[in-house]
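Residue numbers (our numbering): 129 to 322.
Glycine included, every Cβ here is placed at the ideal spot set by N, Cα and C.
Because the structure is a prediction, the values reported are computed rather than measured.
What follows is the structure, given as structure tokens:
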């Protein structure tokens, strides 16, 4: 048995020997190539807007009432780069039950006196939902299991405190109220740059 182990050790040592002396100029280009590939992966993995605002507002099953976000509440929201304009909100109402199911907040650079429902230049700011009728990123909705939510979040920063999971989702942040392993309410909003 000792002879077999000795022979096996000798074979392994012989097969591991070789000329590994490469100069630094041969190794460096390969490292730069890897860095380039990593940055491409980061760009591809960024999440788009959670919802198409125009499509949502034009949903046949949905009616909305709208208003302007108060000045004091506006200060709590992320200020867009071009701080011209104002924040507006839509109360989202399910036609079938005639009950509110959420609130959508948007930013527009239009004058608040000229702003209308048909505005096409609104930017997503925040959405709060208490119904499964609206789906974010084609997968996140009220009623989704905690396990599937955590699968969506993946390696992004998140933590659970009590019944709420807080998560950073690229340029967004989410708060998901979990009861009995199910999302009961959710809020997704733009993440403020610090």
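Just curious, the beta strand (DSSP E) that residue i is in, first and last residue?
i	result
residue 262	Neither: residue 262 is in no beta strand (DSSP E) and is coded neither H nor E.
residue 316	310-318
residue 246	Looking at the DSSP string, residue 246 is not in any beta strand (DSSP E), and its letter there is neither H nor E.
residue 216	214-222
residue 304	300-307
residue 234	227-236
residue 195	190-196
Expressed to the nearest angstrom, what Euclidean distance is found between the alpha-carbon atoms of residue i and residue j?
i	j	result
residue 253	residue 312	21 Å
residue 306	residue 271	9 Å
residue 286	residue 176	19 Å
residue 315	residue 301	8 Å
residue 184	residue 191	10 Å
residue 335	residue 319	Residue 335 lies beyond the stretch modelled for the chain, which goes from 129 to 322, so this question has no answer here.
residue 304	residue 282	15 Å
residue 214	residue 204	13 Å
residue 332	residue 201	Outside the displayed range of the chain (129 to 322) lies residue 332, so it cannot be described from this structure.
On the DSSP letters alone, give me the boundaries of the alpha helix (DSSP H) that residue i sits inside.
i	result
residue 293	Looking at the DSSP string, residue 293 is not in any alpha helix (DSSP H); the run it does join, the beta strand (DSSP E), is 292-297.
residue 183	181-185
residue 274	274-281
residue 201	199-202
With distances taken between CB atoms, is the gap from residue i to residue j smaller than 7 Å?
i	j	result
residue 284	residue 296	yes
residue 216	residue 196	yes
Less than 8 Å between the CB atoms is what I'm expecting for residue i and residue j, so what's the real figure, rounded?
i	j	result
residue 280	residue 267	6 Å
residue 89	residue 178	Outside the modelled stretch of the chain, which goes from 129 to 322, sits residue 89, for which no answer is possible.
residue 237	residue 249	7 Å
Got a sec: is the Cβ-Cβ distance from residue i to anything in chain D below 7 Å?
i	result
residue 284	Any reference to chain D falls outside this structure, which holds one protein chain only.
(Q) Closer than 8 Å is the cut-off here; do at least three beta carbon pairs connect the stretch 256-271 with the stretch 228-238? (A) Cβ pair count under 8 Å is three or more, so yes.
Q) Do the stretch 218-226 and the stretch 236-243 make contact, defined as three or more Cβ pairs closer than 8 Å? A) Touching, no.
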